[in-house]
Structures are given as C-alpha cells and as structure tokens.
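Here the structure comes first, spelled out in structure tokens, and everything after it is commentary.
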Amino acid sequence: IKVKRVMLRHLQMKLKAPFTTSFGSFQKKEFILVEAIDEDGVSGWGESVAFPSPWYNEETVKTNWHIIEDFLLPLLFQAPIAHPEELQQRFSIIRKNQMAKAAIEGAIWDLFAKKQELPLHKALGGNKNRIEVGVSIGIQKSVDDLLRIIERYVQDGYRRIKIKIKPGWDVDVVREVRRRFPNVPLMADANSAYSLADIDRIKALDEFRLMMIEQPLASDDIVDHATLQAQIKTPICLDESIHSAEDARKAIQLGSCQIINIKIGRVGGLSEAKRIHDICQENNIPVWCGGMLEAGVGRAHNIAITTLDNFTMPGDTAASSHYWEKDIIVPEVVVRNGTITVPEQPGIGYEVDRRQVDIYTSYVKVYRP
Ligand code: OSB
Ligand code: MG
6 IKVKRVMLRH LQMKLKAPFT TSFGSFQKKE FILVEAIDED GVSGWGESVA FPSPWYNEET
66 VKTNWHIIED FLLPLLFQAP IAHPEELQQR FSIIRKNQMA KAAIEGAIWD LFAKKQELPL
126 HKALGGNKNR IEVGVSIGIQ KSVDDLLRII ERYVQDGYRR IKIKIKPGWD VDVVREVRRR
186 FPNVPLMADA NSAYSLADID RIKALDEFRL MMIEQPLASD DIVDHATLQA QIKTPICLDE
246 SIHSAEDARK AIQLGSCQII NIKIGRVGGL SEAKRIHDIC QENNIPVWCG GMLEAGVGRA
306 HNIAITTLDN FTMPGDTAAS SHYWEKDIIV PEVVVRNGTI TVPEQPGIGY EVDRRQVDIY
366 TSYVKVYRP
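Counting along the sequence shown from 1, when you hit position 268 you're at 273 in our numbering, and nothing is skipped either side.
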C-alpha cells in the first residue's frame, strides 16, 4: 500500500439524546475522520474516538490532530506498507496516543482489505456473520425515565442492558431496575467513580446478579481492582485500565478482572485489539467490544473486530439510529433481534456517505508525502 494523500476532517454530529456518565455529559459528538487514499485512488476510512475533553482518557480531538499531523503522517508517508500490522512497529517511537494511532491504522486496515477484496472481518480472521449486541444507557434525570428507556431497548431485542452508575446513582437504581426486569442480562459501568473506600457500596451490588461491573476503580489501576475482585462476587470488567496486550496480561495475572472490554481506539488499533483478544482467549477471559459513541466508520470497525471468536459477550455497538438522525454510512447499522448482520462487501463493508460527511464537516486538511 502506497498512501498518496490523507484527508483529515473535523466533524460535529448532534446526539439524539444527551449521554451522561460519571465523568460528564455529551450533547454532541466531535471527532476526526481519516481518509487515506492510495495510488489507485482507493479510499480507506478511520475514525478517531478521542473526545473534545480529556475526561475518559488524556487524549482529545486536538491532541489527536497534532499527533497525527506532526508525527504519524510523516511516518506513514515514509515507506509503502505491505500489511497494516507493520504500522504498530513504525509508530512505536511515538509513546501512547493510542486513539491517534488507531485512527490511522483503521484507515489502512480498510484500504488493505479493499485491495485484497476481502471484508474487513475476514482480513482480521473473524468467523461470524452476525454479532450480538447490547446497549449502554447513560445516567438519567429519574429512575422512572431510566426504566422507560430500558423497557424500549428490551422490547427492541438488545441482548443486554448496561447502565451507567456513580455514587448516589447506584445501589438503589440497580435495585429498581432488577425489580422491574428480573431476568434481563444487566451490567453497570462506573467509569472509575469509586475507590476501595467504597467497598461496602460495591459489595451491595452483589445481590443483583449483574453480569459484571465495569471499571469501578481508578482509570489507571490494576492493583486495587485485584483487591476488590477478591472481595466481591460480581465479575469485574476492565475498560479504561487496559491499553495494550501487556496490560491485559498483567491484569489477568493479578486477578484484577474476569472480563475485558476491548475498544479499538483505547488500545491503539485493530492489530493490538486482536492481540488482547488472543491473550484473553488463552486465559479463558471473555471479551466484548466497547463503544465511544462512534459514527458509522468507527461502528463498522467495531462490528468487524467483534467477529473474532472470543468476543463471546454482547458489546456496546448499538444501531446508528440509537445515536443519530442520520449516520455517515449507507446502509446505516441496523439492529434486529439484538443482532447486527456483518456486511460482506470489501473493507469496512459500508459506503461512506460523502454528502452527509460534508454536512457535518467544519474543517478539512489535505496531506501528501
Ligand atoms: O465507558 O464504555 C464507556 C461512552 C463514552 C465514553 C465511555 C464509555 C461510553 C459508553 C457508550 O458506555 C457506549 C456506546 O454506546 O458507544
Ligand atoms: Mg466503560
């Protein structure tokens, strides 16, 4: 692959409903869309999952633009690429900045799969033609509102419900949800809102048969999580704490979690996501694909990685219509009976709707070798 041109676009899309977590609230999605064009004029697409503010992790839309423009693109243009997995090595002189790296690598994976005339999921070694999905529901104004929203998604067939929790919106809320939906596969995501001092509160969740509790403790911790896991029945799933296959190995060795949420952006791209998948599989740790309120391009990458065998739990990849009035891909991602049919067209398997992209774009810049 010889990349002749890269276009970075800054997009803004309004969310249908605000999304609230323990660390803050999103009304809209602002992100970088990457288009890498090769010598034959074929386009590969990637999406940065960094948010405008460093709330979830330290990266932002602006730091991603800076790292991509000043460091990653010069490395990308340095020499042709035989396989997208080479990029990890090439980018390794740049520390961290996983979301920036993942956005570029994602575009190259799409381009690579298109050149091979393979759907991305096949290029990655996936084996499913449909995937099971759940939905992540933000913190609401009232428990009644939350119950109404859950009701809708349960009726739509979503395979599990994830609710966001934080101190003051946790045990009592989960109790109400359980009372109303005794058998729904249910989990809670704290986005690092607790510390070991809250252990009694977290222990109180044990009676509600949650599938897991996601990232209860600090975003960079794997030590206290091990202490916590030894004292609670509910399986811990790590999200924020896992940035690499090495992190996964160490967390598994310490007993910090029983499940891992893989986000392609958080771990630096599809190649590292595959490595984490493999190491978890060897250790009987199930994985599932997390979400970052992605638009269509990021969503397509999530669908592709979820086809790997050890993605045995429903992920957060909900339908396009859950987030947007209109997505940037055609067809949009549709969920039927809690499943998404994996597209079989080459690359990400969806067409990018350039007209829609233009509508959402506020800034474009073109880069050449
Ligand atoms: O922790 O999984 C998370 C959204 C933004 C930041 C962090 C998280 C989330 C979600 C939403 O839970 C998942 C989605 O619907 O994309
Ligand atoms: Mg999470």
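Here a beta-carbon is modelled for each residue, glycine too, at the ideal position from N, C-alpha and C. Fair warning: this is a prediction, and the values are worked out from it, not measured in the lab.
- Task: Count the CB pairs spanning the segment 119-136 and the segment 339-353 that are closer than 8 Å, and state whether there are at least three.
- Result: yes
- Just to check, is the beta-carbon of E219 closer than 6 Å to a non-hydrogen atom of the ligand MG? yes
- Query: CB-CB under 8 Å to E245, same chain, minus the five flanking residues each way: which ones, in chain order?
  - Reply: Y61, N62, N196, S197, Q220, S224, D225, R271
- Message: Mapping the DSSP letters down to three states, classify C262 as helix, strand or coil.
- Response: Judged by DSSP in its simplified three-state form, C262 adopts coil rather than helix or strand.
- Which of helix, strand or coil does DSSP assign to S141? Note: S141 maps to strand in three-state DSSP.
- Name the residue from D161, L16, D205 whose alpha carbon lies nearest to the alpha carbon of E340. The sequence given here has Val at residue 340, not Glu. Of the candidates D161, L16, D205, the one whose C-alpha sits nearest the C-alpha of V340 is D161.
- Give every residue of the same chain whose Cβ lies closer than 7 Å to the Cβ of V357, excluding the five residues on either side of it in the sequence, and list them in chain order. W50, V302, I333, I334
- Task: Indicate, with yes or no, if the ligand MG has a heavy atom lying under 6 Å from the CB of D194.
- Result: yes
- Message: My parser needs the alpha helix (DSSP H) runs of 4 or more residues fully inside the segment 171-231; what are they?
- Response: Restricting attention to alpha helix (DSSP H) runs no shorter than 4 residues, the segment 171-231 encloses them at 176-185, 204-208, ordered along the chain.
- Query: So, I267 versus C294, is the Cβ gap smaller than 7 Å?
  - Reply: yes
- Message: Could you tell me the alpha carbon to alpha carbon distance between S261 and Q93, rounded to whole angstroms?
- Response: 26 Å
- Query: Looking only at its own chain, which residues have a Cβ that is under 7 Å from the Cβ of G118, when we skip the five neighbours before and after it?
  - Reply: One detail in the question is off: residue 118 reads as Ala in this sequence, not Gly. Correct list, in chain order: P124, L125, A128, P351, G352.
- Item | Inter-stretch contact at 8 Å, needing at least 3 Cβ pairs: the segment 204-223 / the segment 173-183 | yes
- Close-in-space but distant-in-sequence residues of the same chain around R157 (CB under 8 Å, 5 per side omitted): Cβ neighbours of R157 beyond the five flanking positions: none.
- Task: Compute the distance between the beta-carbons of T366 and L13, then report whether it is under 7 Å.
- Result: No, the Cβ-Cβ distance between T366 and L13 is not below 7 Å.
- Helix, strand or coil: which one does DSSP assign to Y158? helix
- Message: Using 7 Å as the threshold, is the C-beta distance between I376 and V228 below it?
- Response: The structure shown does not extend to residue 376, since the chain is modelled only from 6 through 374, so no value can be given for it.
- Item | Cβ of K171 within 7 Å of any chain D Cβ | No chain D is part of this structure, which consists of one protein chain only.
- Message: Quick check: the segment 141-152 against the segment 303-310, are at least 3 beta-carbon pairs closer than 8 Å?
- Response: no
- Query: Can the beta-carbon of H282 be found less than 7 Å from the beta-carbon of L259?
  - Reply: no
- Item | Contact set for D43: own chain, Cβ-Cβ below 7 Å, skip 5 residues either direction | I6, K7, V8, K9, L116
- Please look up how many angstroms separate the CB atoms of A105 and I72, rounded, as I've assumed it's under 8 Å. 4 Å
- Which residues in the same chain as A231 place their Cβ atom closer than 7 Å to its Cβ, once the five residues preceding and following it in sequence are excluded? If we look at A231 and ignore the five residues flanking it on each side, its Cβ neighbours are L259, G260, S261.
- Based on the DSSP secondary-structure assignment, which residues constitute the bridge partners of R135? T346
- Message: Within the continuous beta strand (DSSP E) that includes T25, where are the two ends?
- Response: 8-26
- Leaving out the 5 sequence neighbours to the left and right, which residues in its chain are closer than 6 Å to I155 when beta-carbon positions are compared? I166
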